[in-house]
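Chains as they are written, first to last, in the working numbering: chain V, 1 to 282; chain W, 1 to 310; chain Z, 1 to 250.
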Amino acid sequence: MSQPLLEVEDLHVRFHTPTRVVEAVRGVSFTLGRERLGIVGESGSGKTMTGRSVLRLVRPPGEVTARRMAFDGIDLLSLSERRMREIRGSRISMVMQDPKFSLNPVMRIGPQLTEAMRVHGGGSRKEMRARALAMLEAVQIRDPERVMRAYPHELSGGMGQRVMIAMMLVPDPDLLIADEPTSALDVTVQLEVLKILDDLVASRGMGLIFVSHDLELVATFCDRVLVMYAGRIVEEIAADRLSEAKHPYTQGLIDCLPKIGEDRAVLPTLRREASWREEPVA
Amino acid sequence: MAVQDDHTPAVGSRAWLTSDRPTSRWHARCVQGYLAWRRLATNWLAMLGLIIVLALIGMAIFAPLLATYTPFEQDLQSRLLPPGSPGHFLGTDEFGRDLWSRIVYGSRITLMIVALVAVTAPLFGLIIGTASGYFGGLVDLVLMRLTDIFLAFPRLILALALVAALGPGIENAILAIALTAWPPYARVARAETITVRQSDYIAAVRLQGARPPRIIFGHIMPMCMSSVIIRVTLDMAGIILTAAGLGFLGLGAQPPMPEWGLMISSGRKFLFDQWWVATVPGLAIFIVSLGFNLLGDGLRDVLDPRSAPK
Amino acid sequence: MKLAVEDLNVTFGSGQDRVDAVKDVSFGVEANTSFGLVGESGSGKSTVLRAICGLAPVASGRIAIDGRPVAGFRDPAFVKQVQMVFQDPYGSLHPRHSVDRTLSEPLAIHRMDDRHARVERALIDDVGLDASFRYRYPHQLSGGQRQRVAIARALILEPEILLLDEPTSALDASVQAEVLNLLMRLRREHELTFVMVSHDLAVINHMCERLMVMQHGETVEELNRAALADHAVGQDYTRSLLKASEGFQR
Numbered sequence: 001m002s003q004p005l006l007e008v009e010d011l012h013v014r015f016h017t018p019t020r021v022v023e024a025v026r027g028v029s030f031t032l033g034r035e036r037l038g039i040v041g042e043s044g045s046g047k048t049m050t051g052r053s054v055l056r057l058v059r060p061p062g063e064v065t066a067r068r069m070a071f072d073g074i075d076l077l078s079l080s081e082r083r084m085r086e087i088r089g090s091r092i093s094m095v096m097q098d099p100k101f102s103l104n105p106v107m108r109i110g111p112q113l114t115e116a117m118r119v120h121g122g123g124s125r126k127e128m129r130a131r132a133l134a135m136l137e138a139v140q141i142r143d144p145e146r147v148m149r150a151y152p153h154e155l156s157g158g159m160g161q162r163v164m165i166a167m168m169l170v171p172d173p174d175l176l177i178a179d180e181p182t183s184a185l186d187v188t189v190q191l192e193v194l195k196i197l198d199d200l201v202a203s204r205g206m207g208l209i210f211v212s213h214d215l216e217l218v219a220t221f222c223d224r225v226l227v228m229y230a231g232r233i234v235e236e237i238a239a240d241r242l243s244e245a246k247h248p249y250t251q252g253l254i255d256c257l258p259k260i261g262e263d264r265a266v267l268p269t270l271r272r273e274a275s276w277r278e279e280p281v282a
Numbered sequence: 001m002a003v004q005d006d007h008t009p010a011v012g013s014r015a016w017l018t019s020d021r022p023t024s025r026w027h028a029r030c031v032q033g034y035l036a037w038r039r040l041a042t043n044w045l046a047m048l049g050l051i052i053v054l055a056l057i058g059m060a061i062f063a064p065l066l067a068t069y070t071p072f073e074q075d076l077q078s079r080l081l082p083p084g085s086p087g088h089f090l091g092t093d094e095f096g097r098d099l100w101s102r103i104v105y106g107s108r109i110t111l112m113i114v115a116l117v118a119v120t121a122p123l124f125g126l127i128i129g130t131a132s133g134y135f136g137g138l139v140d141l142v143l144m145r146l147t148d149i150f151l152a153f154p155r156l157i158l159a160l161a162l163v164a165a166l167g168p169g170i171e172n173a174i175l176a177i178a179l180t181a182w183p184p185y186a187r188v189a190r191a192e193t194i195t196v197r198q199s200d201y202i203a204a205v206r207l208q209g210a211r212p213p214r215i216i217f218g219h220i221m222p223m224c225m226s227s228v229i230i231r232v233t234l235d236m237a238g239i240i241l242t243a244a245g246l247g248f249l250g251l252g253a254q255p256p257m258p259e260w261g262l263m264i265s266s267g268r269k270f271l272f273d274q275w276w277v278a279t280v281p282g283l284a285i286f287i288v289s290l291g292f293n294l295l296g297d298g299l300r301d302v303l304d305p306r307s308a309p310k
Numbered sequence: 001m002k003l004a005v006e007d008l009n010v011t012f013g014s015g016q017d018r019v020d021a022v023k024d025v026s027f028g029v030e031a032n033t034s035f036g037l038v039g040e041s042g043s044g045k046s047t048v049l050r051a052i053c054g055l056a057p058v059a060s061g062r063i064a065i066d067g068r069p070v071a072g073f074r075d076p077a078f079v080k081q082v083q084m085v086f087q088d089p090y091g092s093l094h095p096r097h098s099v100d101r102t103l104s105e106p107l108a109i110h111r112m113d114d115r116h117a118r119v120e121r122a123l124i125d126d127v128g129l130d131a132s133f134r135y136r137y138p139h140q141l142s143g144g145q146r147q148r149v150a151i152a153r154a155l156i157l158e159p160e161i162l163l164l165d166e167p168t169s170a171l172d173a174s175v176q177a178e179v180l181n182l183l184m185r186l187r188r189e190h191e192l193t194f195v196m197v198s199h200d201l202a203v204i205n206h207m208c209e210r211l212m213v214m215q216h217g218e219t220v221e222e223l224n225r226a227a228l229a230d231h232a233v234g235q236d237y238t239r240s241l242l243k244a245s246e247g248f249q250r
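Take a look at the structure:
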């Protein structure tokens, strides 16, 4: 078996505040090949922190520790910040939730795209511009010239997110971490953007970590799903076998969603057991 | 968030002050106040500023106890004694008046200036600004042009005009400062109001049938308060310096009042040989201004809603 | 008909900046029923709710409650008849007011008596929060708790019609289920009429007997729950919304 793309063992993320220590992630372990892995959890589950830890984007007072965190065999924990910067963006990329907040509002799209290129390699201005246009076409933007000249606020949510994806894929990374990439989008636009992401991930043989609160969406999009609760993984399951989920939290999450065609007057609600915080993963 | 270490004490007054289950409005306000105090207390510079401000207030209240002489008694035998002289640890001025005592009594004047301006100008500016921002349209137009007019007045010129009209004196200096200090508060309040006005909680209270006065005073002003309080503390330094400047020019306090600016003015004749006569009050002004600035910076870090916990 | 909306038009701005947010929308809601407005962003669904309250300017059209045309939130009688629960639990409660203040204020505005008891009833009996929440501030509450307070606030004036603007969109799935159950119970207990807006077809289907799909400010079609369940929809847009609610398909 070839080396996994990402190996995480016993990841802990702690925040040290004057009065107490807050543990956002408590002993998370998983491996990732060139596949689509979904990390699902509600707010406070630690899913976002897990994604950010891989890129070492957690700043003090946050503290990241793990027994092992390796990307393509490279130990991420012991890397200097300079070396990490070389990996960040070029080999591991991140797409975040709202393009309004992740695109620079005072720069046009074109310069933002070419800046991404300049940082990771470059080439002549003509080459970079041609690549930028090609990337925009790859994310199915029909009028790439116009978008290059536009400012972020002039684009719709879906288009902004596609630009984000284009920007993050420019350096041709091996691993993409997507943190709620479609949560801010309309439901029909969501599916379009996901289709584009799906095609790109498949055609480039990339690994994808898809962090989301939407279990159903993740289950239909990813190959494997990790369910997180209170900083720990409570279930790891193949996406197409979600209905066979064993942990009561996962079952509860599935059951509590309203569905069209059902006839339940009262939705089942989660009764959170204290034991879910502590017991080992099944 | 997941399990964490918990240091909350079980019983006692600290438990009451950090309780997350307040039992009354008063209790809830105390808890919020205490938590804000704790956050402020972690900033040692802000604490230094607070100590200086409290020292000023203490000095003003206990002036008769702290001073060694009255501020007016002259002793021409002991003119221009340097600091460290027996009986006059900060020295004496050209009339033999003890500098320490004059500083101490002068703190009362400084405090009076600061208090009067701090109470009147921001309040007036707040009312104008929130009304302007909330009603918009013609009201906004008129009030903002009024604000612009007052903003255009340089304080010194206005002070001169008032002195010419009403005669010199500390009260007129305060009036001049207050009249030129309110416009920035109006602008800040207006900007905050325009942002706050769009919020759902304002829509909700309008939908309950609240009238504009209730909305402005009860809902909008509390949101502007942080910015205003921070601005006031940071402005204090400027106000003190302006009053001192007016005193220096002879437009504010009149001799023999121990107002610090006036003391610098009369001391400048002796600046080279008996430097302490002008420098001691100058240092006092510097320390107090610094104190207010440090406190203001610290308050901003604590009160700024942007840095408040969500 | 408890609430009747006829040929409603809402326009913002003028000239070049003119936006026709709602175009010729009509629907009726019977008493004690729940009516849903479904659409994506820009569909005008939230604007319709705001127009009913008077928070958005009505360019033309008629809105009537119990057959009588409404006057908007400036009329004290209207305000005691219609209330709204807003979308963002983080934005709909005043950050500097405790829960007690937020709930007492409407009572103070209308000079109602027995305030202490009413607030307690709203907090404990209606929305199921215990007394310890009374003097807390919004930043000390979770999203679900804030939304409960917002619901309590909407109910404290004892309205007949409750407008719900995406009340659970910002909440976690498990908390959403609790809040939806709460709303169902309250509708039964207080005999309320709901008009609910959401982008989530499944939520609307669960809560509402009838619904209307909107797009770009216009009505696409009106359906009832049974039709949705059978996928018996007339318009392509509705079909695409239904399909989207099933998740990603490769």
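The C-beta atom is built at its ideal place from N, Cα and C for all residues, glycine as well.
In this text, all values refer to a predicted model and were calculated from it rather than measured experimentally.
Self-check item: 8 Å Cβ cutoff met for leucine 182/Z and glycine 128/Z
Solution: Residue numbering aside, residue 182/Z sits at position 182 when the third sequence is read from its first letter. Residue numbering aside, residue 128/Z sits at position 128 when the third sequence is read from its first letter. Their beta carbons are under 8 Å apart, which means leucine 182/Z touches glycine 128/Z by this criterion.
Self-check item: Outcome for serine 124/V when other beta-carbon atoms lying within 10 angstroms are tallied against a minimum of 16
Solution: On the first sequence, residue 124/V is found 124 positions in, with the first residue counted as 1. Serine 124/V is exposed by the Cβ-count criterion.
Practice problem: Can you say whether asparagine 104/V is buried or exposed, counting buried as having 16 or more other CB atoms within 10 angstroms of its CB? | Solution: For the purposes of this step, residue 104/V is identified with residue 104 of the first sequence, where counting begins at 1. Result: exposed.
Quiz item: Over what stretch of residues does the alpha helix (DSSP H) that includes methionine 49/V continue unbroken?
Solution: As a first step, residue 49/V must be located in the first sequence, where it is residue number 49. Start and end: 47-54.
Quiz item: Applying the criterion that 16 or more other CB atoms from any shown protein chain within 10 Å of the CB defines a buried residue, is isoleucine 141/V buried or exposed?
Solution: Here residue 141/V refers to the residue found at position 141 when the first sequence is read from its first residue. Buried, because 16 or more other Cβ atoms sit within 10 Å of the Cβ of isoleucine 141/V.
Quiz prompt | Inter-residue Cα distance where the pair is leucine 35/W and threonine 18/W | solution = If you number the second sequence from 1, residue 35/W lands on position 35. If you number the second sequence from 1, residue 18/W lands on position 18. Using only the alpha carbons, I get a separation of about 7 Å.
Quiz prompt | Contacts of histidine 213/V in chain Z (Cβ-Cβ under 8 Å) | solution = The count along the first sequence starts at 1 and reaches residue 213/V at position 213. Chain-ordered, the chain Z residues with CB closer than 8 Å to the CB of histidine 213/V read Asp172, Ala173.
Quiz item: Residues in its own chain within less than 7 Å of alanine 121/W by CB, not counting five upstream and five downstream?
Solution: Position 121 of the second sequence holds residue 121/W. Sequence-distant Cβ neighbours of alanine 121/W in its own chain, meaning closer than 7 Å and more than five residues away, are Ala178, Ala181, Trp182, Tyr185.
Self-check item: Any chain Z beta carbon closer than 8 Å to proline 186/V
Solution: One-based indexing of the first sequence puts residue 186/V at position 186. In the sequence as displayed, the identity of residue 186/V is aspartate instead of proline. Judged by the 8 Å Cβ criterion, aspartate 186/V is in contact with chain Z.
Exercise. Examine the ligand SAM and report whether any of its heavy atoms sits within less than 7 Å of the Cβ of leucine 11/V.
Key: Within the structure as shown, the ligand SAM is missing, as the structure has no ligands at all.
Exercise. For arginine 96/Z, collect the residues of the same chain with a Cβ closer than 8 Å to its Cβ; drop the 5 residues on either side in sequence, then sort them by chain order.
Key: By one-based count along the third sequence, residue 96/Z stands at place 96. Correct list, in chain order: Tyr137.
Exercise. Could you check what DSSP says for aspartate 200/Z in three-state terms: helix, strand or coil?
Key: What you label residue 200/Z is simply residue 200 of the third sequence in a count that begins at 1. Residue state, collapsed to three classes: coil.
Self-check item: Residues sharing a beta bridge with alanine 70/V, DSSP
Solution: As a working mapping, residue 70/V is identified with position 70 in the first sequence. Among the bridge pairs identified by DSSP, alanine 70/V is matched with Glu7/V, Asp75/V.
Self-check item: aspartate 88/Z: contacting residues in chain W (beta-carbon distance under 7 Å)
Solution: Counting from 1 along the third sequence, the entry for residue 88/Z is found at position 88. What aspartate 88/Z touches in chain W: Asp200.
Quiz item: Using the beta-carbon count (16 or more within 10 Å), is aspartate 10/V buried or exposed?
Solution: The count along the first sequence starts at 1 and reaches residue 10/V at position 10. Exposed, since its Cβ has fewer than 16 Cβ neighbours within 10 Å.
Quiz prompt | For methionine 135/V, the first and last residue of its enclosing alpha helix (DSSP H) | solution = Numbered from its first residue, the first sequence carries residue 135/V at position 135. Secondary structure note for methionine 135/V: its alpha helix (DSSP H) is the uninterrupted segment 125-138.
Quiz prompt | Contacts that leucine 151/Z makes with chain W (C-beta to C-beta distance below 9 Å) | solution = Numbered from its first residue, the third sequence carries residue 151/Z at position 151. The residue asked about is misnamed: residue 151/Z is isoleucine in this sequence, not leucine. Those do not exist, as isoleucine 151/Z stays about 12 Å from chain W at its closest Cβ, beyond 9 Å.
Self-check item: Outcome for threonine 250/V when other beta-carbon atoms lying within 10 angstroms are tallied against a minimum of 16
Solution: Position 250 of the first sequence, counted from the start, is the residue given in the question as residue 250/V. Of the other Cβ atoms in all chains shown, 16 or more fall within 10 Å of the Cβ of threonine 250/V; this residue is therefore buried.
Practice problem: Could you check how far apart the C-beta atoms of leucine 246/W and alanine 159/W are, in whole angstroms? I think they sit under 8 Å. | Solution: Locating residue 246/W in the second sequence gives position 246, counting from the first residue. Locating residue 159/W in the second sequence gives position 159, counting from the first residue. Sure, about 5 Å apart at Cβ, within 8 Å.
Quiz item: In three-state terms, what does DSSP make of serine 203/V?
Solution: Your numbering for residue 203/V matches position 203 in the first sequence. Note: serine 203/V maps to helix in three-state DSSP.
Quiz item: In chain order, which beta strand (DSSP E) runs of at least 3 residues are fully inside the region 173-244 of chain V?
Solution: Within the region 173-244 of chain V, the complete beta strand (DSSP E) runs of at least 3 residues fall at 175-179, 207-212, 224-229, 232-238.
Self-check item: Pairwise C-alpha distance: glutamine 190/V and glycine 158/V
Solution: Taking the first residue of the first sequence as position 1, residue 158/V is located at position 158. Taking the first residue of the first sequence as position 1, residue 190/V is located at position 190. The straight-line gap from Cα to Cα measures roughly 7 Å.
Exercise. Go through its chain and collect everything with a Cβ distance to isoleucine 57/W's Cβ below 7 Å, but skip five positions before and after it.
Key: Here residue 57/W refers to the residue found at position 57 of the second sequence. These residues qualify, in order along the chain: Leu111.
Exercise. Take isoleucine 202/W as the anchor and find which of Ile149/W, Pro168/W, Tyr134/W has the nearest alpha-carbon.
Key: As a first step, residue 202/W is located in the second sequence; it is residue number 202 there, counting from the start. Per the Cα distances, Tyr134/W.
Quiz prompt | Residues bridged to leucine 162/Z (per DSSP) | solution = Start at 1 with the first residue of the third sequence, and residue 162/Z comes out as number 162. DSSP, once it has assigned bridges, lists Gln83/Z, Phe194/Z as partnering leucine 162/Z.
Quiz item: asparagine 43/W by DSSP, collapsed to three states: which one?
Solution: For the purposes of this step, residue 43/W is taken as the residue at position 43 of the second sequence. Secondary structure of asparagine 43/W (DSSP, three-state): coil.
Exercise. In angstroms with no decimal places, state the Cα-to-Cα distance between serine 43/Z and glutamate 166/Z.
Key: Locating residue 43/Z in the third sequence gives position 43, counting from the first residue. Locating residue 166/Z in the third sequence gives position 166, counting from the first residue. Annotation: serine 43/Z to glutamate 166/Z spans about 13 Å, alpha carbon to alpha carbon.
Quiz item: Are methionine 135/V and aspartate 174/V touching if we call contact CB-CB under 8 Å?
Solution: If you number the first sequence from 1, residue 135/V lands on position 135. If you number the first sequence from 1, residue 174/V lands on position 174. Judged by beta-carbon spacing, aspartate 174/V lies beyond the 8 Å limit of methionine 135/V, meaning their Cβ atoms are not closer than that value.
Self-check item: Interface residues of the region 59-75 of chain Z facing chain W [CB-CB below 9 Å]
Solution: Listed by position, the residues of the region 59-75 of chain Z near chain W (Cβ gap below 9 Å) are Phe73, Arg74, Asp75.
Self-check item: Of the residues Gly250/W, Phe248/W, Ala118/W, the one placed nearest valine 232/W, counting alpha carbons only
Solution: The sequence position of residue 232/W within the second sequence is 232, counting from 1. The residue with the shortest Cα to Cα distance from valine 232/W is Ala118/W.
Quiz item: Got a sec: is the Cβ-Cβ distance from glutamine 81/Z to anything in chain W below 8 Å?
Solution: Here residue 81/Z corresponds to residue number 81 of the third sequence, with the count starting at 1. It does not: the Cβ of glutamine 81/Z has no partner Cβ on chain W nearer than 8 Å.
Exercise. Would you identify the three-state DSSP class for proline 69/Z, choosing helix, strand or coil?
Key: Here the question's residue 69/Z lines up with position 69 in the third sequence. Correct three-state label for proline 69/Z: strand.
Quiz item: Taking 8 Å as the CB-CB limit, is arginine 146/Z close to chain W?
Solution: For the purposes of this step, residue 146/Z is taken as the residue at position 146 of the third sequence. So no, arginine 146/Z is outside the interface.
Practice problem: Could you name the residues of chain V that leucine 251/Z contacts, counting a contact when the two beta carbons are closer than 9 Å? | Solution: Residue 251/Z lies beyond the range of chain Z shown here (1 to 250); nothing can be said about it.
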